[in-house]
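All remarks here apply to the structure that follows.
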Amino acid sequence: MNVTQAVTSRRSIRAFLDKPVDPAVLRRVLETAQNAPSGGNTQPWNAVMVTGEPLARLTAHVAEAIPQGLAAYSAEYPIYPAELEGRYAASRFGVGEAMYAALEIPREDKAGRMGVFANNFRAFGAPVLMLVHTPRYMGLPQWSDIGMWLQTVLLLLREEGLDSCAQEAWAVYQKQIREVVAIPDDHIFFCGVAIGWGDREAAVNSFPVPREPLDNVVRWEGF
Ligand SMILES: Cc1cc2nc3c(=O)[nH]c(=O)nc-3n(C[C@H](O)[C@H](O)[C@H](O)COP(=O)(O)O)c2cc1C
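Its first residue numbered 4, the sequence shown is counted upward by one per residue in my numbering.
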């Protein structure tokens, strides 16, 4: 698999096969991902890999909080800016609508949509969940570095035939996560990443996720 194939075959996978992931493969992916660039080589990413019993304990603990609704939320950063508008807002809502359309869950079926959203907190059935955190004092450039590392991990997973879904949704339950998995208090919890073998046939894994035309996002000068 070349880089282009890794990039174009990656999509966010939200249904996984009940098949374990070899820890040696994960270690190889993460070792290689250490080559990701970062400003000043600060390497601000930190992660906890969770599987098996601890993952079951985590999902069971978070499941207890879900019925409390927003009262149980405690994200440490705004997942989306309040100002999100125009094409950014349209894309955000578009991907949700495309997913629910593929699953044939109409807008009126609030419970059905909430049920699908709650799949986030089972890591979509993936056998492995990576929890990403970084010191609280890290700034915007370091968060961008974490993104570079994350995509490096996701692409290397593809090379191993594995699938993933980055999950900011977990941030709303960072308090509950910390009650089960040790994350330093002076670190901010960023996101989870579900990792496993995707069920590529599932409707939730095969709807189109359009991208902005290149000329809307890149301007060329002097070419
Ligand atoms: C940092 C990050 C966090 C994300 N959080 C979630 C999430 O909580 N739940 C979810 O279903 N998808 C999540 N996604 C997936 C995005 O919705 C997805 O990347 C986007 O719609 C583009 O689709 P694709 O990844 O299938 O190409 C996240 C993606 C990133 C990069």
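Built from N, CA and C at the ideal position, the CB exists for glycine as well. All values derive from a computational prediction rather than experimental measurement.
| Asked | Found |
| --- | --- |
| Top-ranked residue by Cα proximity to E79, from A9, G150, Q177 | Q177 |
| Spatial neighbours of S41 in its chain, beta-carbon cut-off 6 Å, leaving aside the 5 residues before and after | D148 |
| Residues near M151 in its chain [Cβ-Cβ closer than 8 Å; skip 5 each side] | A39, P40, S41 |
| Segment limits, alpha helix (DSSP H) that includes A20 | The amino acid at residue 20 is misidentified as Ala; the sequence shows Leu. Note, L20: premise wrong, no alpha helix (DSSP H); not H, not E. |
| Distance cut-off 8 Å: Q170 Cβ against heavy atoms of ligand 1 | yes |
| Opening and closing residue of the alpha helix (DSSP H) in which G115 lies | 113–121 |
| N- and C-terminal bounds of the alpha helix (DSSP H) containing G195 | Element bounds for G195: not the alpha helix (DSSP H) but the beta strand (DSSP E), 190–199. |
| Reference T7; option with closest CA among V175, G195, E162, A174 | E162 |
| Whole-Å CB distance - L106 paired with A206, under 8 Å assumed | 6 Å |
| For P84, three-class secondary structure by DSSP | coil |
| Identity of the residue in F210, R181, V212, I198 nearest S77 by Cα | R181 |
| Buried versus exposed call for I191 [16 or more other C-beta atoms within 10 Å across all chains shown] | buried |
| Residue burial classification, G201 (beta-carbon count within 10 angstroms, cutoff 16) | buried |
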